[in-house]
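Numbered according to our numbering, the sequence shown spans residues 2 to 119. A quick write-up on the structure given underneath.
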Amino acid sequence: QVQLVESGGGLVQAGGSLRLSCAASGRTVSTYEMGWFRQAPGKEREFVAAITWRGGSLRLADSVKGRFTISRDTAKNTMYLQMNSLKPDDTAVYYCAARTFAGNFGSWGQGTQVIVSS
């Protein structure tokens, strides 16, 4: 099992930037991919971005392409989400998650709140 802890959320004005971090511990050797998801009030959780832990291959949701960047530092066991040009629609609780090669995203952090004011 991998333990995940997010940080970096907060309140920002529209057009601003935030960088989220996700620190991983535990059985990180079995991690194939890590990702960011978000859940806005009254909405279902949605995929934001993902990165393979060793190869660094990226996936991004269309809604954040050109604005968000995902990266990881394997030496620090930490994943990042750089969010630029933030919009009020980006307001949500952001979660990081991890999965093994053959599994679904089964390890989740507690979430960090991002609020974008207009």
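Glycine included, C-beta positions come from ideal geometry on N, C-alpha and C.
- Collapsing the DSSP output to three states places Val6 in a strand.
- In the DSSP assignment, Gly27 falls within the unbroken beta strand (DSSP E) covering Leu19 to Gly27.
- With the rule of 3 Cβ pairs closer than 8 Å, the region 33 to 52 counts as touching the region 71 to 91.
- By alpha-carbon distance to Gly110, the top candidate from Gly36, Arg20, Val65 and Ser18 is Gly36.
- Across the structure, Ile116 and Asp91 are spaced so that their CA atoms are roughly 8 Å apart.
- Just measuring C-alpha positions, the residue of Ser8, Asn105, Ala99 and Gly112 sitting nearest Arg55 is Ala99.
- Between Lys66 and Leu59, the alpha-carbon positions lie close to 11 Å from each other.
- Of the candidates Thr53, Cys97, Thr75 and Lys88, Thr53 places its Cα closest to the Cα of Ala103.
- DSSP places Val65 in the coil class of the three-state scheme, outside both helix and strand.
- Contact between Ala93 and Arg20 does not hold, since their C-beta atoms are separated by about 16 Å, which reaches or exceeds 8 Å.
- Looking at the backbone, the Cα of Leu87 and that of Ser18 are separated by about 6 Å.
- Of the other Cβ atoms in all chains shown, fewer than 16 fall within 10 Å of the Cβ of Thr75; this residue is therefore exposed.
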